[in-house]
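First the structure, in the form of structure tokens, and then the observations on it.
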Amino acid sequence: MLLADRVSKENRKRVGWTLFLIGLLSTVPLVMDIVKKSETV
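Set out below in structure tokens:
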């Protein structure tokens with residue numbers, strides 16, 4: 010948001026998708042770990 014005025018709409022879209030994918034890729038292993046632990050309990 011701080012750089013919104015300086016970055017084109019297309020680049021903001023790319024950055025948004027990149028951050029979304031990084032968040033998704035970092036969340037999946039955590040969820041899998043939690044599911045594995047809950048199955049063994």
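Residue 10 is where the sequence shown starts when you use the working numbering, and the numbers rise one by one after that.
Note that beta-carbon positions come from the ideal geometry of N, C-alpha and C, so glycine has one too.
Computed from a predicted structure; not experimentally measured.
Nearest-angstrom Cα distance between residue i and residue j?
i	j	result
K45	W26	29 angstroms
T1	R15	Nothing about residue 1 can be read from this structure; the chain reaches only from 10 to 50.
T49	F29	31 angstroms
Determine whether the beta carbon atoms of residue i and residue j lie at a separation below 8 angstroms.
i	j	result
R23	A13	no
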